[in-house]
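**Student:** Just so we're aligned, residue 1 is where the sequence shown starts under full-length UniProt numbering, counting upward by one. First the structure, which I've put down as C-alpha cells, then a few questions once you've had a look.
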Amino acid sequence: MENHLPEVANPAPGPRHPGVPRYPVIPHIIDATPEDIQTIPEAIHPEPEVVHPAPEVVRSAPESHYRSAPRVNLTRVFYGVMFDAGSTGTRIHIYKFIQKDPVELPVLDNEMYHAVKPGLSAYKDNPEELLKIAKKTVPEEEWRRTPVVLKATAGLRLLPEDKACALLNEVRHVFHESPFYVPSNSVTIMNGTNEGMFLYIYFFFARGILRTVGILDLGGGSTQITFLPKSKKTVESAPHSYIAKFNLFNSTYQLYTHSYLGNGLYAARLATLGALGADGLEWKVFTSSCLPKKFREEVTFGYAGYKLCYYEVMKVIKGIVHQPYEVKGSSVFYAFSYYFDRAVESGLIDDSRGGAIEVRDFKKRAKEVCNKMTQYRAISPFLCMDMTYITCLLKEGFGFKDNTVLQLAKKVNNVETSWALGATFDYFRNLNIH
Numbered sequence: 001m002e003n004h005l006p007e008v009a010n011p012a013p014g015p016r017h018p019g020v021p022r023y024p025v026i027p028h029i030i031d032a033t034p035e036d037i038q039t040i041p042e043a044i045h046p047e048p049e050v051v052h053p054a055p056e057v058v059r060s061a062p063e064s065h066y067r068s069a070p071r072v073n074l075t076r077v078f079y080g081v082m083f084d085a086g087s088t089g090t091r092i093h094i095y096k097f098i099q100k101d102p103v104e105l106p107v108l109d110n111e112m113y114h115a116v117k118p119g120l121s122a123y124k125d126n127p128e129e130l131l132k133i134a135k136k137t138v139p140e141e142e143w144r145r146t147p148v149v150l151k152a153t154a155g156l157r158l159l160p161e162d163k164a165c166a167l168l169n170e171v172r173h174v175f176h177e178s179p180f181y182v183p184s185n186s187v188t189i190m191n192g193t194n195e196g197m198f199l200y201i202y203f204f205f206a207r208g209i210l211r212t213v214g215i216l217d218l219g220g221g222s223t224q225i226t227f228l229p230k231s232k233k234t235v236e237s238a239p240h241s242y243i244a245k246f247n248l249f250n251s252t253y254q255l256y257t258h259s260y261l262g263n264g265l266y267a268a269r270l271a272t273l274g275a276l277g278a279d280g281l282e283w284k285v286f287t288s289s290c291l292p293k294k295f296r297e298e299v300t301f302g303y304a305g306y307k308l309c310y311y312e313v314m315k316v317i318k319g320i321v322h323q324p325y326e327v328k329g330s331s332v333f334y335a336f337s338y339y340f341d342r343a344v345e346s347g348l349i350d351d352s353r354g355g356a357i358e359v360r361d362f363k364k365r366a367k368e369v370c371n372k373m374t375q376y377r378a379i380s381p382f383l384c385m386d387m388t389y390i391t392c393l394l395k396e397g398f399g400f401k402d403n404t405v406l407q408l409a410k411k412v413n414n415v416e417t418s419w420a421l422g423a424t425f426d427y428f429r430n431l432n433i434h
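Next up, the structure:
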C-alpha cells in the first residue's frame, strides 16, 4: 500500500543510539483495496532535514588516521491540519509530527488547538476564520504540502441532506482558495463508526499502547462507546454493525463501537422536552420536571425533581441503547467531552486535573442538583437535566454498574481528547477500516 507519510528515497539505516526508544514498525502493505488509495502530489513529500552536527573534539592521533564523515540526519518534520465540525462548535487541530527513522512510527511533537462557536451548521465562516490560525502556526514553506481536512459529525448528520451538502461545498471552496494542500474527499461527513475508531487510535497515540480500556464520548448531537472486547460473548451478542475492524502494525484489531445519533447532550435535551424534530417550535409550550420552577425562557415549566426528571429522560434512552455484555464487568472506561464538562460544573472533579469517579457519583450528584435547583441554577438551568441524562445513559442505556470506574479527562499526555488525531494518522496511513 502506498502510504501518505513523507518518504525518503533509499534511506541509510544508520546505527541505533543507546537510550532512544524504538517504536513499532509500520508495515508498507496494509491490505488496502486500490480504490482506497489516493495519489499524493509531490508537494506532500517533504525533503529530509539535514542537521549539521556540532564540531567533534579531535584527540591527538597519527596523521594516517581519518575521521569518518558526519552522518546525515534523516529526521523529518511534517504537519497535518484537521477540522472537527461538531454540532456545538468547530475545532481546529494542528499536529506537528517528527519521524526520526523512515521505518518507525512518527512521533507527535505538539498540537495547536483552537475552538470557535457556534457549530458549522449555524456559522459557515468558521473554517475561514480557523485557517488564519493554521497559517500562523504552520511554517509558510510547509503550507503547500500540509493537508487540510474537515470532518463533520452529528451536527451535520442531523441536517437535511441538501442543506448539509451546501455547507460542505462552501467549505471546499474556502479550502481550495487556501495555500494548503487539499486532498480529494477533504471535506466529508464522518460516519459514527469511524468517529469511535479514530478516538481509539487517538488513545493509542496518547498512551502508546492499545489497552483494553473503553472509551465514552458525549457530544452535542451524538454519543459513542468504543472498546476492545475481551469476551467472545460480547462480539456474538452485539448487532453486526457494532463490530468493526482495522489494521495497524500488520495486525487486525476488532472493536465494539457505535455512535448513537440524537443521543448527544443537546439533542437529548430537545428529545426530553419532546421538541426534537417537532414543527412550529416557536409557537409550542413544553413542560419538564428537569428544569427549575419559574424558569423564564421561551417555555414554561412545572414541578421539578430528580425522580420525575429521570422518568422523562428514560424515554430518550430505553430500548434505543444496546448494552454490551462485558460492560457489566470491572473494566475501566475513559470518558470525554460533556462527561468531563458536567462533572466539573457540578463539582465532582477539578477542571485542571480531571480524575476518577464511579458511576454512582454521577447519580448522587444528579439527585443533589435536581433537588436543589436554585443552588445550581447560576451554573446552568439545564444542569439537572444534563446530569440526570448522563446517569440514565450510563445505567439504563449502556448498563454500567454503580461501581464502574470512569476516568474523566480533557487531555491525555497533553493532547486534546478527540478523534481528530486518529483521523489525521489514518490519512497518512490508511488503516483499512471495515
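Think of the CB as a built atom: it goes at the ideal place given N, C-alpha and C, for glycine as much as any other residue. Computed from a predicted model, the values in this text were never measured in an experiment.
Less than 7 Å separating the beta-carbons of K395 and Y325?
**Tutor:** no
**Student:** Closest to V107 by C-alpha separation, out of V174, R207, M190 and L168, would be which residue?
**Tutor:** R207
**Student:** On the DSSP bridge list, what partners appear for I243?
**Tutor:** Y256
**Student:** If F204 sits next to I215, beta carbons under 8 Å apart, how far is it from one beta carbon to the other, in whole angstroms?
**Tutor:** Not quite, the Cβ-Cβ distance comes to about 11 Å (not below 8 Å), so this is no contact.
**Student:** Does the region 391 to 406 touch the region 177 to 197, meaning 3 or more C-beta pairs lie closer than 8 Å?
**Tutor:** Two segments are said to touch when three or more pairs of C-beta atoms, one from each, lie closer than 8 Å; by this definition the region 177 to 197 does not touch the region 391 to 406.
**Student:** Within 10 Å of its beta-carbon, does T88 have 16 or more other beta-carbons around it, so buried, or fewer, so exposed?
**Tutor:** buried
**Student:** Does the beta carbon of F205 come closer than 7 Å to any beta carbon on chain D?
**Tutor:** Of the protein chains in this structure there is only one, and it is not chain D.
**Student:** Alpha carbons only, please: which of Y310, E141, K117 and F78 is nearest the one belonging to D84?
**Tutor:** K117
**Student:** Alpha carbon to alpha carbon, how far is F180 from Y376?
**Tutor:** 46 Å
**Student:** If we call anything under 7 Å between Cβ atoms a contact, is G264 one with G221?
**Tutor:** yes
**Student:** Flag this pair as touching only if the region 145 to 161 and the region 182 to 191 have three or more C-beta atom pairs under 8 Å; answer yes or no.
**Tutor:** yes
**Student:** So what does DSSP say about D402, is it helix, strand or coil?
**Tutor:** coil
**Student:** By the three-class DSSP mapping on this structure, what secondary structure does F428 have?
**Tutor:** helix
**Student:** Between the C-alpha atoms of Y200 and G422, what's the straight-line distance to the nearest angstrom?
**Tutor:** 7 Å
**Student:** So, using beta-carbon positions, are I349 and L408 closer together than 7 Å?
**Tutor:** yes
**Student:** Please name the residue in M314, I357, E312 and P381 whose C-alpha comes closest to that of A335.
**Tutor:** I357
**Student:** Could you pull the DSSP bridge partners for K411 from this structure?
**Tutor:** E416
**Student:** Within 6 Å: the Cβ of A244 and any heavy atom of the ligand PLP?
**Tutor:** Because no ligand of any kind appears in the structure shown, any question about the ligand PLP cannot be addressed here.
**Student:** Considering Y339, what are the terminal residues of the beta strand (DSSP E) in which it resides?
**Tutor:** According to the DSSP assignment, Y339 belongs to no beta strand (DSSP E) but to the alpha helix (DSSP H) extending over Y338 to E345.
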